[in-house]
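There are 2 protein chains.
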Amino acid sequence: MSETTMLRRVLVLLSGGMDSTTALVDCVHDPAVAEIMALFVDYGQRHIIEFLSATSIAARYGVQLTRLDLTAFGSQVNSVLTGAGEVPHGHYTAATMAQTVVPNRNATMLMAAAGIAASHGLTEVVTAVHAGDHAIYPDCRPEFMDAVSKAAQLGCGVGVRAPFVHSSKADIARTGARLSVPFELTWSCYEGKLGGHCGRCGTCVERAEAFFEAGVDDPTVYRDPDFWRQATA
Amino acid sequence: MSETTMLRRVLVLLSGGMDSTTALVDCVHDPAVAEIMALFVDYGQRHIIEFLSATSIAARYGVQLTRLDLTAFGSQVNSVLTGAGEVPHGHYTAATMAQTVVPNRNATMLMAAAGIAASHGLTEVVTAVHAGDHAIYPDCRPEFMDAVSKAAQLGCGVGVRAPFVHSSKADIARTGARLSVPFELTWSCYEGKLGGHCGRCGTCVERAEAFFEAGVDDPTVYRDPDFWRQATA
């Protein structure tokens with residue numbers, strides 16, 4: 011196999027959060043990556059801030075960003091994230107996290123992304139799912155990632171890579187810090203209001219914890235900056 | 011396991027064609043099937059006749075039909091079926107059939123369908139892919155169906171069943187005739203014009219051939235009823 015054919019041509023699923031941004035920047039710095047596209051999937055999120063974050067991050071690195079509208083899929087399935095209820099506050103528990111599950115969301119995104127990657131001549135989809143997602147999101151687990159990668163490879167010749175599937179969010183914060191990821195451009199808060207992260211929802215608590223555990227400065231503006239300490243205590 | 015939990019609760023992917031209609035009617039007659047929903051996926055087809063066919067078929071059997079809009083996915087990938095070029099005429103060859111490939115289309119539909127099935131408490135997605143699709147559509151092959159079923163099972167607890175994956179289209183015509191499938195309500199033609207099937211496109215030729223090989227009366231109105239014999243000769 012020649013050196014050219016071994017180069018990776020990747021489509022990175024970019025949500026605008028710290029995990030997928032770190033995955034993107036990791037590809038930017040990887041000499042084995044010859045081509046990068048980013049894909050933002052809208053499955054009916056309740057705010058546009060995530061897309062604005064993804065746009066500014068892609069622009070920072072000169073990466074082409076494409077948006078895929080899967081809102082019709084989002085509207086067919088049950089989840090508070092797509093408007094069916096209130097976003098739960100506080101640290102994730104099994105019960106509150108379960109409310110944020112969109113059944114087979116990652117699976118559907120990954121298959122659509124693989125098809126788009128194939129039509130652009132790319133060889134691989136990169137997704138930033140991590141170990142913290144496993145407990146509640148079945149389509150973020152290592153055995154699922156293996157199965158979906160096999161299906162996508164058979165379906166359209168594109169593999170699926172999940173570089174952080176065995177990493178914690180704190181590991182990702184450390185990796186991101188090493189790569190000088192512009193965390194200040196990233197967005198996690200499920201409430202998605204201008205004026206900063208709420209600091210109280212499950213993703214805000216996870217985010218603050220991850221920076222703390224990693225010993226990495228957290229540049230995030232939280233409207234309630236200390237809530238996560240009580241939630242975690 | 012009790013009898014109740016062994017009953018199948020199925021979501022049938024219904025395109026309005028003869029294959030998926032036969033799969034639906036097969037479920038209608040199966041005493042092991044306790045619940046049926048039908049899902050029509052619009053991935054950017056160029057005509058609405060397929061949806062009208064699916065609607066009338068679902069109504070005939072009293073099955074709830076849901077429509078999922080994946081046109082945004084269709085528009086991101088390359089295929090003549092979604093408007094990128096002319097539909098090839100005549101019998102499918104590898105080259106002309108390849109033009110009708112939407113990369114990972116089945117894969118994406120199946121994963122979205124599995125998520126929708128899960129959110130309705132159903133246990134299984136049924137798809138009518140058949141052996142005639144294998145040569146060119148990689149995401150219709152038995153090994154792909156196994157992989158995607160495993161991924162969907164892991165992702166949201168819903169299996170994928172492809173009852174005709176080892177059958178020819180003629181086998182399906184025979185099965186449909188035995189089940190009194192209303193073939194006259196089904197639609198295959200890629201050109202999708204009122205006034206009947208064109209009789210010249212790849213699916214029309216396949217359809218006419220299948221009825222002929224099965225020895226089943228073909229109720230289809232073809233604008234060019236004899237073209238398929240020359241195409242096949």
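Residue numbers (our numbering), protein chains in the order written: chain A, 11 to 243; chain B, 11 to 243. No residue lacks a Cβ here, since even glycine has one placed at the ideal position from N, Cα and C. From a predicted model like this one, the values you see are computed outputs, not experimental measurements.
Roughly how many angstroms separate the alpha carbons of residue i and residue j, rounded to a whole number?
i	j	result
E223 (chain A)	P229 (chain A)	15 angstroms
A108 (chain A)	Y147 (chain A)	For A108 (chain A), the predicted structure reports a pLDDT of 49, less than 50, and the residue's modelled location is therefore unreliable. A value from the coordinates is still provided. Between A108 (chain A) and Y147 (chain A), the C-alpha separation is close to 8 angstroms.
C166 (chain B)	M119 (chain B)	15 angstroms
T76 (chain A)	S190 (chain B)	46 angstroms
C199 (chain A)	A48 (chain A)	21 angstroms
P217 (chain B)	K179 (chain B)	Note that residue 217 (chain B) is Arg in the sequence shown here, rather than Pro. Computed Cα separation, rounded: 8 angstroms.
G225 (chain B)	E219 (chain B)	10 angstroms
R115 (chain B)	P152 (chain B)	16 angstroms
E201 (chain A)	V87 (chain A)	20 angstroms
F237 (chain A)	E194 (chain A)	20 angstroms
A122 (chain A)	A117 (chain B)	8 angstroms
I59 (chain B)	H176 (chain A)	48 angstroms
V22 (chain A)	P235 (chain A)	31 angstroms
T81 (chain B)	R210 (chain B)	26 angstroms
T65 (chain B)	F50 (chain B)	9 angstroms
V231 (chain B)	K203 (chain B)	12 angstroms
F174 (chain A)	A42 (chain A)	18 angstroms
D7 (chain B)	Y53 (chain B)	Here chain B has residues from 11 to 243 only, and residue 7 (chain B) is not among them.
F221 (chain B)	A141 (chain B)	16 angstroms
F61 (chain B)	L34 (chain B)	15 angstroms
D181 (chain A)	A161 (chain B)	27 angstroms
L24 (chain A)	S85 (chain A)	21 angstroms
A157 (chain B)	F83 (chain A)	22 angstroms
H130 (chain A)	C150 (chain A)	25 angstroms
Give the interface partners of residue i over in chain A, defined as CB-CB distance under 7 angstroms, in chain order.
i	result
T301 (chain B)	The structure shown does not extend to residue 301 (chain B), since chain B is modelled only from 11 to 243, so the question has no answer here.
V87 (chain B)	G125, I126, S129
D143 (chain B)	By Cβ distance, chain A contributes nothing, its closest Cβ being about 13 angstroms from D143 (chain B), past 7 angstroms.
P192 (chain B)	The contacting residues do not exist; P192 (chain B) stays about 27 angstroms from chain A at best.
R115 (chain B)	G125
Going along the chain, which residues of its own chain have a beta-carbon closer than 8 angstroms to the beta-carbon of residue i, five neighbours each way excluded?
i	result
P196 (chain B)	In the sequence as displayed, the identity of residue 196 (chain B) is Thr instead of Pro. Within the same chain, T196 (chain B) has close Cβ partners G26, G27, M28, T31, S63, I67.
P192 (chain B)	T31, I67, R70
H39 (chain A)	L189
C37 (chain B)	R18, V20, V22, V43, I46, V136
Let's test the definition: count the other Cβ atoms within 10 Å of the Cβ of residue i and tell me whether it reaches 16, buried, or not, exposed.
i	result
M16 (chain B)	exposed
D143 (chain A)	buried
H205 (chain A)	For the record, residue 205 (chain A) in the displayed sequence is Gly; it is not His. The residue in question, G205 (chain A), is exposed, as its Cβ has fewer than 16 Cβ neighbours within 10 Å.
E134 (chain A)	buried
H207 (chain A)	buried
G125 (chain B)	buried
A128 (chain A)	buried
P113 (chain B)	buried
A145 (chain B)	exposed
R239 (chain B)	exposed
Who are the Cβ neighbours of residue i in its own chain at under 6 angstroms, not counting the five residues just before and after it?
i	result
V73 (chain B)	I46, A48
A172 (chain B)	T137, V139, M155
G169 (chain B)	E134, S159, Q163
R19 (chain B)	A44, E45, L132, T133
R233 (chain B)	G206, C208, G209
G186 (chain B)	T32
For residue i, return the contacting residues in chain B, with the cut-off set at a CB-CB distance below 7 angstroms.
i	result
V22 (chain A)	Result: empty, since nearest Cβ-Cβ is about 15 angstroms, beyond 7 angstroms.
V139 (chain A)	Those do not exist, as V139 (chain A) stays about 12 angstroms from chain B at its closest Cβ, beyond 7 angstroms.
How would you list, in chain order, the residues of chain B whose beta-carbon sits under 8 angstroms from the beta-carbon of residue i?
i	result
S63 (chain A)	Result: empty, since nearest Cβ-Cβ is about 20 angstroms, beyond 8 angstroms.
D181 (chain A)	Result: empty, since nearest Cβ-Cβ is about 24 angstroms, beyond 8 angstroms.
P148 (chain A)	L164, G165, C166, G167
In chain order, what residues of the same chain lie with their CB nearer than 7 angstroms to the CB of residue i, ignoring the 5 residues before and after it?
i	result
R184 (chain A)	A224, V226
T213 (chain B)	S198, C199, Y200
Show which residues of chain B have a CB atom less than 9 angstroms away from the CB atom of residue i.
i	result
D228 (chain A)	Ordered by position in chain B, no residue passes the 9 angstroms Cβ test against D228 (chain A), which lies about 32 angstroms from the chain.
Can you give me, in chain order, the residues of the stretch 152-173 of chain B that have a beta carbon less than 8 angstroms from any beta carbon in chain A?
Cβ contacts with chain A come from E153, F154, A157, V158, K160, A161, A162, L164, G165, C166, G167, V168.
Name the residues in the stretch 25-51 of chain A whose C-beta lies less than 7 angstroms from a C-beta of chain B; which are they?
Listed by position, the residues of the stretch 25-51 of chain A near chain B (Cβ gap below 7 angstroms) amount to none.
Contact set between the stretch 67-84 of chain B and chain D, restricted to residues whose Cβ is under 9 angstroms from the partner:
Absent here is chain D; the protein component of the structure consists of chains A and B.
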